[in-house]
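Residue numbers -17 to -1, 1 to 549, in mature numbering (1 follows the signal peptide of the UniProt record, and there is no 0), belong to the letters of the sequence shown in order.
What follows is a set of notes on a single structure, which appears directly below.
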Amino acid sequence: MLWSSALLLALVQLAIANPLISRRWDDFEVKHAWLEVPRGWELHGPAPADYTFDMRIGLKQDKFDDLVSALYEVSDPSHAKYGQHLTKEDVAALVAPHPDSVDLVESWLSTHGLDPLAGKRSHAGDWVTIRVSVAQAEKMLGTKYNVYRHGNSDDYVIRTMNYSLPSVLHEHIAVVAPTTYFGTMKSMKATSFIQKGRPIIETDADFARLLKNPSSLATVPTSCNTAITPACLRALYNTTSYTPAATSKNSLGVAGYLDEFANHAVGSSFTTVEVNGGGDDQSDPGVEANLDIQYTEGISFPTPNIYYSTGGSPPFIPDDETPTNTNEPYLDWLNFILDQDSIPQTFTTSYGDDEQTVPLDYATQVCNMFAQLGARGSSIMFSSGDDGVGGGNCETNDGTNTVRFQPNFPVRVNPEVAVSFSGGGFSNHFARPSYQSTAVSTFLNKLGRTNAGLFKYGSGMVAKPQGENFQVVIGGRVESVAGTSASSPTFAGVIALLNDFRISRGKTPLGFLNPLIYSSGVGGFNDITSGSNPGCGTNGFTAGAGWDPVTGLGTPDFGKLQALIG
Ligand SMILES: *[C@@H]1O[C@H](CO)[C@@H](O)[C@H](O)[C@H]1NC(C)=O
Ligand SMILES: *[C@@H]1O[C@H](CO)[C@@H](O)[C@H](O)[C@H]1NC(C)=O
């Protein structure tokens, strides 16, 4: 006892005597800062100092470049390793932090009176989640936390305008949450309704007109003129004659958020998994949830479908009874899924954010998690949003209020990310992936100076595939909302059938789709050559022959894709 006290005293004296050690944790450098409160939110007041929440620390993933290389190898149809997906343990070995990063983060936590062993670790150890008070977090991150209110929805979150880390930690920590990601997550439906006992009705006039004359497309029932049902889509996307045969191995996952509950109606067979207390209130069903699950099931039945009802959405209630709600549903869902030994081969998500409201450090880390799902052999689909190239006044939030196209997150994601289909434009965050360079350069050459300055591309910023948004694709517009939200589940249903086909023949699932669909898979799509996606006071981009940011490669033809991937 005397010994340890003496040792402790000596250490304290050493720390005081050695300015390098004591200065180490005070030498702050900004990690991320907003210049203005993200659009839609307003300052409500200071966060209570004694309020506690779960701080998530994302450690740098030591061999992430190797994970990306592996992802590309197993996803490239021309590579010898195509289809040789990684196991959960393979992935964990690549995303584990360096031991130095773990040591430093642990001593930083100790300095702030936190027991590093009390924190929860992700399977690979790349996320540490630890309960802190607002006062502690403010000291650790050199910042002030406030309560912010979302004007439209009356949601409250506890966030900060900026945060810093001791400079020594910058190369070891990728992101800390919750900090500057406000989570303006929205469902991709704006108007849609459910008739009792009947499927979703789609009312887009252009879509209906095209269905009346589907020309080369498969025979579409005439009732599809006024009411789109999964049967219409099965005909349209040429899946009608296929019967799933690998239903004991193949499955499809639907990510659900924002207290959206899916009805277990007669005839439905999906299971619901509650993530982070997501709930399953059958008396309070959500339109988005039902739209999503009815379209995935409608196309992929009898493939098992899983609805993930994910908690952790606003409102934040400043009350110690409910301290676990830190409003980080993406992270909650991804950490949950990555922790499973066996995961669905196909996922769909019809929720997103305006890209500019998502800090780059946060976006990158979330994208790295999607990449892990891709490496494990899952295909991921996202809805593109319903704002064309952008909704509202399209002003940037960098203090300059420049008008710029506003893509959604996470539809325009990292090249490393498992597949994403988007609603029309180019990411301001992420560089153009190599598999897309030919298609995008061809488009940009034709585009010339149109929309110059409204999006970044000269500087290697990116374009994004789209492809499945049938209402854009067919109607040439991004207006009719049921379609935007339904497009991702519909396309996911088609992919689940393709996965069924491969698995039933003893092959591996498709995994990360983009390298396939930009190469040998191109012929499996019906190219859409007209239409545009107006927004931001402009005509947006115009569709044309070949790839374009409005319609991507077009709409899928299951029969043709089946022949290409067999
Ligand atoms: C961080 O935000 C606070 C409050 O909005 C502000 O006073 C401070 O200047 C900001 N610091 C940085 C580095 O942006
Ligand atoms: C649909 O799939 C079949 C094979 O199942 C294929 O022969 C046909 O070309 C595809 N497309 C149309 C429009 O029928």
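Each residue gets a CB set at the ideal place from its N, CA and C atoms; glycine is no exception.
DSSP state of residue i mapped onto helix, strand, coil
{"i": "GLU25", "result": "strand"}
{"i": "ASN233", "result": "coil"}
{"i": "PRO498", "result": "helix"}
{"i": "PRO149", "result": "strand"}
{"i": "TYR225", "result": "coil"}
{"i": "residue 554", "result": "The first residue shown for the chain is -17 and the last is 549, placing residue 554 beyond what the model contains."}
{"i": "THR329", "result": "strand"}
{"i": "TYR278", "result": "helix"}
{"i": "GLY476", "result": "helix"}
{"i": "PRO80", "result": "coil"}
{"i": "THR340", "result": "helix"}
{"i": "THR293", "result": "strand"}
{"i": "PRO539", "result": "strand"}
{"i": "SER362", "result": "strand"}
{"i": "residue 550", "result": "The chain is shown from -17 up to 549; residue 550 falls before or after that span and cannot be answered."}
{"i": "GLY549", "result": "coil"}
{"i": "LYS14", "result": "strand"}
{"i": "TYR220", "result": "coil"}
{"i": "PHE484", "result": "helix"}
{"i": "ASN129", "result": "strand"}
{"i": "PRO268", "result": "strand"}
{"i": "GLY506", "result": "helix"}
{"i": "TYR139", "result": "strand"}
{"i": "TYR334", "result": "strand"}
{"i": "GLU257", "result": "strand"}
{"i": "GLY489", "result": "coil"}
{"i": "LYS273", "result": "Lys is not the amino acid found at residue 273; the sequence shown has Asn there. Here ASN273 sits in helix by DSSP."}
Nonlocal neighbours in the same chain, by C-beta distance under 6 Å from residue i, ignoring five residues either side
{"i": "ASN129", "result": "LEU26, PRO29, ALA30"}
{"i": "PRO472", "result": "ASP275, TYR278, THR279, THR331"}
{"i": "ALA245", "result": "ALA272, ASN273, ILE276, TYR290"}
{"i": "PRO21", "result": "PHE165, THR340"}
{"i": "MET352", "result": "LEU317"}
{"i": "ALA32", "result": "VAL117, ALA118"}
{"i": "GLY261", "result": "SER292, THR293, GLY294"}
Other residues of its chain near residue i: CB distance less than 7 Å, five sequence neighbours each side excluded
{"i": "ASP45", "result": "ALA79, PRO80, HIS81"}
{"i": "GLY507", "result": "PRO539, ASP540, LYS543, LEU544, LEU547"}
{"i": "LEU54", "result": "ALA354, GLY357, ALA358, GLU399, PHE495"}
{"i": "SER503", "result": "PRO60, LEU547"}
{"i": "residue 551", "result": "Nothing can be reported for residue 551, as the shown portion of the chain is limited to -17 through 549."}
{"i": "LYS64", "result": "GLU56, VAL57"}
{"i": "PRO94", "result": "The question names Pro, yet the displayed sequence has Thr at residue 94. Only TRP8 meet the Cβ criterion."}
Closest residue to residue i among the options (Cα-Cα distance)
{"i": "HIS133", "options": "ILE289, TRP24, ASP59, ASP9", "result": "TRP24"}
{"i": "PHE11", "options": "ASP73, ASP37, VAL151", "result": "VAL151"}
{"i": "SER52", "options": "GLY166, ILE500, ALA358", "result": "ALA358"}
{"i": "PRO312", "options": "ALA160, ASP48, ASP324", "result": "ALA160"}
{"i": "MET144", "options": "THR112, THR340, GLY489, PHE474", "result": "THR340"}
{"i": "GLU72", "options": "ILE320, ALA63, SER116, HIS106", "result": "HIS106"}
{"i": "GLN348", "options": "ASN318, ASP324, SER333", "result": "ASN318"}
{"i": "ASP37", "options": "GLN119, VAL115, ASP109, ASP49", "result": "VAL115"}
{"i": "GLY66", "options": "TYR501, LYS122, LYS490, ILE500", "result": "LYS490"}
{"i": "GLN119", "options": "ASP267, LEU499, GLY96", "result": "GLY96"}
{"i": "TYR501", "options": "SER61, THR35, TRP8", "result": "SER61"}
{"i": "ALA76", "options": "GLY261, GLY108, SER266", "result": "GLY108"}
{"i": "LYS14", "options": "PRO268, LEU235, THR162, SER90", "result": "THR162"}
{"i": "THR286", "options": "TYR345, ASP344, ILE478, VAL270", "result": "ILE478"}
{"i": "GLN323", "options": "VAL85, GLY261, GLY236, GLY41", "result": "GLY236"}
{"i": "residue 575", "options": "LEU216, TRP110, VAL88", "result": "The chain is shown only over -17 to 549; residue 575 falls outside these bounds and no answer can be derived."}
{"i": "ARG39", "options": "ASP48, ARG104, PRO268, TRP91", "result": "ARG104"}
{"i": "ASP86", "options": "ASP137, ILE156, ASP264", "result": "ILE156"}
{"i": "ASP83", "options": "LYS43, ILE320, HIS247", "result": "LYS43"}
{"i": "HIS68", "options": "GLY269, PHE284, SER325, PHE253", "result": "SER325"}
Residue i beta carbon near ligand 3 (any heavy atom closer than 6 Å)
{"i": "GLY542", "result": "For ligand 3, the structure offers nothing, since it holds only ligand 1 and ligand 2."}
Close beta carbons around residue i, own chain, < 8 Å, minus the five adjacent residues each side
{"i": "ILE486", "result": "ALA229, LYS232, ASN233, GLN328, PRO492"}
{"i": "LEU481", "result": "LEU493, PHE541, LEU544, GLN545, ILE548"}
{"i": "ASP315", "result": "VAL258, ASN259, THR293, GLY294, GLY295"}
{"i": "THR70", "result": "ARG359"}
Counting by C-beta, which residues lie closer than 5 Å to a heavy atom of ligand 1, in chain order?
-> VAL13, ALA16, MET144, ASN145
Unbroken beta strand (DSSP E) runs of length 3 or more, entirely within the stretch 83 to 116: which are they?
-> Complete beta strand (DSSP E) runs here, min 3: 110 to 116.
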